[in-house]
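**Q** Quick one: the structure is below, and I'll ask about it shortly.
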Amino acid sequence: MSKPRFVIPLLIIAILFVIAVLIIKNPPKQPSDDADRRLQMAVNTMEVAPGDYQVVVESYGRVEPVTRSFLAAQVSGQIIEVSAQFDNGRFFNQDDALLRIDDRDYRASVKVAEATLLDAKRVLIEEQARGKLAKDDWRRSGKSGAPDSLVLREPQLLAVQAGLLSAEASLDKAKLDLSRTVVRAPYSGYVLARSVDLGQVVSVNERLGEIYSSHALQVRLPLRNRDLAYINLGNGIAQSNKPSHDPDVRLRSSIGEFADWPAYLTRTEAAIDDASRQLHVVAEINQDLSDADQTGKAATNVEVNAKAKQALPRIGQYVTAHILGKKLEQVIVVPLQSIYQGSFVYLVEDGHLYRRDIKVAWQNQQEALIREGLQ
Numbered sequence: 001m002s003k004p005r006f007v008i009p010l011l012i013i014a015i016l017f018v019i020a021v022l023i024i025k026n027p028p029k030q031p032s033d034d035a036d037r038r039l040q041m042a043v044n045t046m047e048v049a050p051g052d053y054q055v056v057v058e059s060y061g062r063v064e065p066v067t068r069s070f071l072a073a074q075v076s077g078q079i080i081e082v083s084a085q086f087d088n089g090r091f092f093n094q095d096d097a098l099l100r101i102d103d104r105d106y107r108a109s110v111k112v113a114e115a116t117l118l119d120a121k122r123v124l125i126e127e128q129a130r131g132k133l134a135k136d137d138w139r140r141s142g143k144s145g146a147p148d149s150l151v152l153r154e155p156q157l158l159a160v161q162a163g164l165l166s167a168e169a170s171l172d173k174a175k176l177d178l179s180r181t182v183v184r185a186p187y188s189g190y191v192l193a194r195s196v197d198l199g200q201v202v203s204v205n206e207r208l209g210e211i212y213s214s215h216a217l218q219v220r221l222p223l224r225n226r227d228l229a230y231i232n233l234g235n236g237i238a239q240s241n242k243p244s245h246d247p248d249v250r251l252r253s254s255i256g257e258f259a260d261w262p263a264y265l266t267r268t269e270a271a272i273d274d275a276s277r278q279l280h281v282v283a284e285i286n287q288d289l290s291d292a293d294q295t296g297k298a299a300t301n302v303e304v305n306a307k308a309k310q311a312l313p314r315i316g317q318y319v320t321a322h323i324l325g326k327k328l329e330q331v332i333v334v335p336l337q338s339i340y341q342g343s344f345v346y347l348v349e350d351g352h353l354y355r356r357d358i359k360v361a362w363q364n365q366q367e368a369l370i371r372e373g374l375q
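Here it is, written out as structure tokens:
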């Protein structure tokens, strides 16, 4: 009964003995002294040589109108007509009637002013006749010397002439007020907001809406300090609205369908922005839609609106700007990913890697311009 109890331990001891013998007879092989223990690695390399390089600076900004206005009533009264073009987002042409104010009181004022002017002319004719009679009476009197101005009724004549001028001015003012009952567009553009509606009574200087000109849009672009030396900022003199040179800037947006617009640097702001401590330049998009129909045929409002929306970005839209900078000669440019910790690169010579410290003069998101270290 006790025999099986000793079989299992003896079997385990025998197995361990066999394993120990095998390990002793087959020790692990040590690498030979002449084996190549150096770490082998595959690297991508590129040849670097001086060449010409066109600097393109990237920035971001928001589209704003160059000309933006608040329409205000110049006369008071009830609005009796509102144009379909005077609505949010609609396009209008210069001198389009956007809304009309009840003009009956102003027409009556014109007639009153015309009557006052006629009466002033009558008084002038009568006074001129009185002056002539006074001059004739002086001659018949036989008195020597020149007659006094009071005798010739010259002060009375001046008063009548002043009354005539006042009557003419009153008529001009009445006609001007009458013309102001029709609120016309000062330029071609778009409606940003409308503040009034049909039947509303407005007072003088009350805001009617907000509009902006389609002649040009602008984008205010911040520049990093390191970018300033690589952009032609100009001398602050305003440039032409329609430059003859190639665009300085390409504005791009991915809202909806991808689109881009040519733009021109028109000015540099005079002061550094207090919040960002950056200098801003202004790029202008010149795409006047007032002559959208070049065929000479009258385009419908729907057609004009379609062309306008296709041609211009929206107000407030954020865009990416690629600013054409200076063209540099005989400079070294390397991919940004080849620079480590922003201060060194690896060079390959005779199959060996060497670290080389460098100094970066300028960089964008893809490339870096090397100032020192690779010359």
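Throughout the sequence shown, residue numbering follows the numbering used here, covering 1 to 375 in sequence.
Beta carbons: idealized from backbone N, C-alpha and C, even for Gly.
Keep in mind the model is a prediction, meaning the values are calculated, not measured.
#1: Go ahead and pull the three-state DSSP assignment for A271.
#2: Applying the 10 Å Cβ sphere with the 16-neighbour rule, what's the burial state of I79?
#3: Taking C-alpha atoms, which residue in G351, A193, G131 and L165 lies nearest to A72?
#4: Between which residues of its own chain and L374 is the CB-CB distance below 8 Å, once the five residues before and five after are set aside?
#5: One question on the structure: do I211 and F92 come within less than 9 Å of each other, judged by their Cβ atoms?
#6: Evaluate F86 with the Cβ neighbour count: other Cβ atoms within 10 Å of its Cβ, from every protein chain shown; 16 or more gives buried, anything less gives exposed.
#7: For I285, count the other beta carbons within 10 Å of its own beta carbon; 16 or more makes it buried, fewer makes it exposed. Which is it?
#8: By the three-class DSSP mapping on this structure, what secondary structure does P313 have?
#9: Report the partner residues of K359 according to the DSSP bridge assignment.
#10: With DSSP as the reference, label V319 as helix, strand or coil.
#11: If you check the beta carbons only, do Q94 and A216 fall under 9 Å apart?
#12: Terminal residues of the continuous beta strand (DSSP E) containing Y340?
#13: With V219 and L251 assumed to form a contact (beta carbons below 8 Å), what rounded beta-carbon distance in angstroms separates them?
#14: State the Cα-Cα distance for the pair E154 and A134, rounded to the nearest angstrom.
#15: Buried or exposed, going by whether 16 or more other CB atoms sit within 10 Å of the CB of Y60?
#16: What does a CB cutoff of less than 6 Å around N225 pick up in its chain, not counting 5 residues either side in sequence?
#17: Quick check on Y264: does DSSP put it in helix, strand or coil?
#18: Looking at the structure shown, is G163 part of a helix, part of a strand, or coil, going by DSSP?
#19: Label P65 either buried or exposed according to how many other C-beta atoms from any shown protein chain fall within 10 Å of its C-beta, with 16 as the threshold for buried.
#20: Threshold first: 3 residues or longer. Then list the beta strand (DSSP E) segments lying entirely within the stretch 169 to 195, N to C.
#21: In its own chain, which residues sit with a C-beta less than 8 Å from the C-beta of K25, not counting the 5 before and 5 after it?
#22: Provide the residue span of the beta strand (DSSP E) that contains A72, from first to last.
#23: Kindly indicate which three-state DSSP category S254 falls into: helix, strand or coil?
#24: Which whole-angstrom value describes the C-beta separation of A368 and L336, a residue pair presumed to lie in contact below a C-beta threshold of 8 Å?
#25: K111 to S149, Cα distance in whole Å?
#26: What did DSSP end up calling P50 once you bin it into helix, strand or coil?
#27: When DSSP builds the beta bridges, which residues end up paired with H280?
#28: Given that a residue counts as buried once 16 or more other Cβ atoms are within 10 Å of its Cβ, and exposed if not, what is Y340?
**A** This is what the structure gives:
#1: coil
#2: buried
#3: A193
#4: V48, I332, V334, V345, R356 and I358
#5: yes
#6: buried
#7: Result: buried.
#8: coil
#9: E372
#10: Of the three classes helix, strand and coil, the one that applies to V319 here is strand, per DSSP.
#11: no
#12: That residue, Y340, is in no beta strand (DSSP E); it is neither H nor E in DSSP.
#13: 6 Å
#14: 10 Å
#15: exposed
#16: none
#17: strand
#18: helix
#19: buried
#20: 182 to 184 and 189 to 194
#21: none
#22: R68 to A72
#23: coil
#24: 5 Å
#25: For K111 and S149, the distance between alpha carbons rounds to 36 Å.
#26: coil
#27: P222
#28: With a 10 Å radius around the Cβ and a threshold of 16 neighbouring Cβ atoms, Y340 comes out exposed.
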